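Have a look at the structure below before the remarks.
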Amino acid sequence: MKKLDINNCLLNIESMDKHHRDFIDMYNKIDFDNDEMLICEIHSIINQTKIHFLEEEELMKKYSYPRILEHKEEHDKIIYELTYFIKKASEPFGKKLLKSFCKERLVQWFENHIVSMDSDLAYSLKNRQVN
Ligand SMILES: [Fe+2]
Ligand SMILES: [Fe+2]
Numbered sequence: 003m004k005k006l007d008i009n010n011c012l013l014n015i016e017s018m019d020k021h022h023r024d025f026i027d028m029y030n031k032i033d034f035d036n037d038e039m040l041i042c043e044i045h046s047i048i049n050q051t052k053i054h055f056l057e058e059e060e061l062m063k064k065y066s067y068p069r070i071l072e073h074k075e076e077h078d079k080i081i082y083e084l085t086y087f088i089k090k091a092s093e094p095f096g097k098k099l100l101k102s103f104c105k106e107r108l109v110q111w112f113e114n115h116i117v118s119m120d121s122d123l124a125y126s127l128k129n130r131q132v133n
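If you read the sequence shown in our numbering, its first letter stands for residue 3, the second for the next number, and so on.
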């Protein structure tokens with residue numbers, strides 16, 4: 003399984019890096035062979051991620067970041083998908099779907115989001131000397 007690496011994700015904005023580090027730690031610790039723990043671990047990731055997104059959105063509002071709507075849309079979309087697949091997990095084949103969603107789409111989404119939208123936000127905040 004692909005592991006995430008914080009060194010590829012650092013943006014040099016302390017609050018953002020902290021949330022990204024927490025996500026990576028939680029993701030890398032998931033034991034995909036342990037079905038009982040899996041649901042609990044994904045719930046923790048969803049909760050942590052909601053807080054992470056809210057904080058980024060607060061920063062965007064505070065500093066009148068111009069691309070807030072499209073950025074928030076991406077946040078909402080992945081939370082919607084995660085919630086959808088975790089609900090499906092109780093159905094036949096649901097856990098399989100949840101696992102492949104996490105191993106493929108979630109990891110890819112996280113890395114892409116950081117190099118595109120979060121990097122752009124961090125760049126904009128640095129120009130306003132936020133840390
Ligand atoms: Fe982020
Ligand atoms: Fe973001």
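Glycine residues also receive a C-beta, built at the ideal position from the N, C-alpha and C atoms.
Since the structure is predicted, the reported quantities are computational estimates derived from the model, not experimental observations.
L6 to Y65, Cα distance in whole Å? Each residue's Cα considered, the two are about 30 Å apart.
Any heavy atom of ligand 2 nearer than 7 Å to the CB - residues listed: Summarising the contact set, residues whose Cβ lies nearer than 7 Å to any heavy atom of ligand 2 are, in chain order, F55, E58, H73, E76, H77, H115, M119, D120, L123.
DSSP three-state label for I47, please. The answer is helix: DSSP assigns I47 an H, G or I state.
Compute the Euclidean distance between the alpha carbons of I47 and I70, then round it to the nearest angstrom. Their Cα atoms are separated by approximately 23 Å.
What do you reckon, are the CB atoms on I88 and I26 nearer than 8 Å? Taking the C-beta atoms as reference points, I26 is found no nearer than 8 Å to I88.
Fully enclosed by the region 69-100, which alpha helix (DSSP H) runs are 4 residues long or longer? You should have 70-90.
Inter-stretch contact at 8 Å, needing at least 3 Cβ pairs: the region 97-112 / the region 68-83: Judged by Cβ distances under 8 Å, the region 97-112 makes contact with the region 68-83, as three or more pairs qualify.
What is the rounded straight-line gap between the Cα of D33 and the Cα of K20? Between D33 and K20, the alpha-carbon positions lie close to 22 Å from each other.
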